[in-house]
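Heads up: the sequence shown begins at 144 in this note's numbering, then just goes up one per residue.
Read through the structure below, which is laid out as structure tokens, and then see the notes.
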Amino acid sequence: MNRMLLVTALLCGTLFSGKAQNNVLTMDNQRTKTIRLVYPQWQGGDIAHWITEVKDPEQASRGYYLGAQLLNFLAPDSGQETYTVPVATDKIERKVTDGVLDKEALIAQTRAALDILKITHPDKIVTLGGECSASVVPFTYLADKYKDNLAMVWIDAHPDITLPGDAYAGYHAMAVTACMGLGDKQLVAELPMKIAPSKILFVGLRDWERDEIKARQEQYGIKHLTPEDVRENSDAVRQWLQSCGASKVVIHFDMDVLDPAEIIAAVGVVPDGMKIAEVVRVINDIGQEKDIVGLTVAEPMPRTAIRIKNMLEQLPLLK
144 MNRMLLVTAL LCGTLFSGKA QNNVLTMDNQ RTKTIRLVYP QWQGGDIAHW
194 ITEVKDPEQA SRGYYLGAQL LNFLAPDSGQ ETYTVPVATD KIERKVTDGV
244 LDKEALIAQT RAALDILKIT HPDKIVTLGG ECSASVVPFT YLADKYKDNL
294 AMVWIDAHPD ITLPGDAYAG YHAMAVTACM GLGDKQLVAE LPMKIAPSKI
344 LFVGLRDWER DEIKARQEQY GIKHLTPEDV RENSDAVRQW LQSCGASKVV
394 IHFDMDVLDP AEIIAAVGVV PDGMKIAEVV RVINDIGQEK DIVGLTVAEP
444 MPRTAIRIKN MLEQLPLLK
């Protein structure tokens with residue numbers, strides 16, 4: 144979508160959902176403005192070979208797009224303004240540029256997401272992805288708003304600190320480094336602020352994939368907690384929050400942190416993860432310690448829904 148058309152649509156209210164305008168009428172009383180950002184970005188992942196249930200690689204790659212729509216459908220109606228970031232779904236040849244897969248589309252969608260935030264000026268953002276890079280724009284926007292008074296808790300099986308030129312070119316694995324202001328110069332230049340590594344905590348981390356990534360985390364000095372560290376309680380998370388020097392927190396919840404023995408909701412299926420109840424408890428405990436200003440739910444991969452969609456497309460009177 145042309146950026147001028149996007150701005151016009153926002154000003155005219157055409158990107159509001161049916162539940163969108165409740166917050167506008169009561170904003171003066173609430174004093175804070177929370178929006179829901181549906182961000183069905185899929186280009187950051189190179190994941191089709193892991194989704195063996197879906198035979199068409201293009202459909203598997205775009206599974207994130209359907210996943211974001213399903214998250215928005217399933218999430219409770221909180222009366223928030225809801226905006227959807229325009230994301231390209233054209234069938235084009237995917238290519239790596241400067242070490243980043245589908246870089247051109249990612250830059251365009253980063254700008255579109257920022258345009259929404261610059262016009263709406265939210266104080267708090269709920270983001271429904273999309274792959275993990277859906278957090279980059281809202282979190283760096285909030286980092287610009289709250290400066291050093293903001294910390295980031297990244298609940299994920301992986302640290303997402305790869306860089307262009309690494310073995311894997313998917314931007315979703317570069318999401319944290321992008322938030323830190325590291326990575327592709329053109330992509331990072333679009334972002335309004337960076338988050339210091341001392342303000343970042345990984346929770347549920349258990350798969351570095353390569354030794355160089357573990358060494359990089361140590362180099363950056365980012366602390367982490369494993370699923371076992373938060374199995375019984377959230378005390379270790381609370382202790383870190385009390386020492387982080389910030390009163391505001393953004394939380395990224397990659398559903399691959401969940402134990403695949405309980406549920407397979409994302410692309411990743413790393414064993415010995417966190418239970419649903421443990422993730423919910425940790426996030427709510429964070430809210431007791433700090434003011435949560437950003438929450439992202441990311442990496443939904445609705446394998447069964449994709450297959451049902453394919454089935455429906457083959458039926459008479461529907462296709």
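Using N, Cα and C, we set each Cβ at its ideal position, and we do this for glycine too.
Just so we're clear, the structure is a prediction, and the values are computed from it rather than from any experiment.
Measuring alpha carbon to alpha carbon, tell me which residue in the options is nearest residue i.
i, options, result
"I394", "R359, P370 and G430", "G430"
"K342", "P229, T175 and N292", "N292"
"P443", "A408, N453, V197 and C322", "A408"
"L217", "V440, R446 and P459", "V440"
"R353", "A310, L260 and M323", "A310"
"Y363", "R174, T305, P403 and D399", "T305"
"G437", "H315, L460, I426 and R446", "I426"
"I451", "R174, Q202 and G187", "Q202"
"A248", "L330, F282 and A339", "L330"
"V400", "L271, M417, V410 and A251", "M417"
"P281", "A300, D258 and D299", "D258"
"T232", "Q382, E224, Y207 and A339", "Y207"
"E375", "D415, M336 and E421", "E421"
"D220", "V269, L460, V380 and V279", "V269"
Within the continuous alpha helix (DSSP H) that includes residue i, where are the two ends?
i, result
"W383", "D378 to S386"
"A448", "R446 to L455"
"G308", "Premise fails: G308 is in no alpha helix (DSSP H) and is neither H nor E."
"G210", "G206 to L217"
Can you tell me where the beta strand (DSSP E) holding residue i begins and where it ends?
i, result
"Y226", "E224 to T227"
"A486", "Residue numbering for the chain in the displayed model covers 144 to 462; residue 486 lies beyond these limits and cannot be assessed."
"Y314", "Segment: none, Y314 is in no beta strand (DSSP E) and carries neither H nor E."
"V279", "Run containing V279: none in the beta strand (DSSP E); it sits in the alpha helix (DSSP H), V279 to Y289."
"A294", "L293 to I298"
"D258", "Note, D258: premise wrong, no beta strand (DSSP E); alpha helix (DSSP H) at K246 to T263."
"V393", "K391 to D397"
"L325", "No beta strand (DSSP E) contains L325, which DSSP labels as neither H nor E."
For residue i, which residues in the same chain have their Cβ closer than 7 Å to its Cβ, ignoring the five residues on either side in sequence?
i, result
"N165", "For N165, the predicted structure reports a pLDDT of 38, less than 50, and the residue's modelled location is therefore unreliable. A value from the coordinates is still provided. Around N165: G222."
"D245", "Q186 and R237"
"G313", "G187, G188, D189 and L244"
"I419", "L401, E405 and I406"
Leaving out five residues before and five after residue i in sequence, what residues of the same chain have Cβ atoms less than 6 Å from its Cβ?
i, result
"F345", "W297, P302 and H367"
"D428", "S377"
"P200", "A191"
"A294", "K342, C387, A389 and V392"
"N453", "none"
"L334", "T283"
"T169", "Its pLDDT being 41, under 50, T169 is placed unreliably by the model, and nothing is read from it."
"L271", "V181, A211, L214, N215 and V440"
"E196", "R446"
"W193", "V410"
"T227", "V181"
If I measure Cβ to Cβ from residue i and keep anything under 8 Å in the same chain, skipping five residues before and after, which residues do I get?
i, result
"E456", "K462"
"D434", "S390, K391 and V392"
"D266", "T175, K176, T177, K288 and V436"
"H264", "K176"
"T320", "D303, I304, T305, L306 and G326"
"Q385", "E432"
(Q) If we require 4 or more residues per run, which alpha helix (DSSP H) segments fall completely within the stretch 411 to 444? (A) Here the runs fully enclosed are 419 to 432.
Q: Kindly confirm or deny that the stretch 232 to 245 and the stretch 274 to 291 touch, where touching means at least three C-beta pairs closer than 8 Å.
A: With the cut-off at 8 Å, the stretch 232 to 245 and the stretch 274 to 291 do not touch.
(Q) Count Cβ pairs between the stretch 172 to 186 and the stretch 210 to 221 that sit closer than 8 Å; are there 3 or more? (A) Taking 8 Å as the limit for Cβ pairs, the verdict is that the stretch 210 to 221 does touch the stretch 172 to 186.
Q) Should the stretch 346 to 356 be called in touch with the stretch 369 to 376, which here means at least 3 C-beta pairs below 8 Å? A) Because the criterion of three Cβ pairs below 8 Å is met, the stretch 346 to 356 and the stretch 369 to 376 touch.
Q: Give, in chain order, every unbroken run of the alpha helix (DSSP H) that is at least 4 residues long and sits entirely within the stretch 348 to 376.
A: The stretch 348 to 376 contains these whole alpha helix (DSSP H) runs: 354 to 363.
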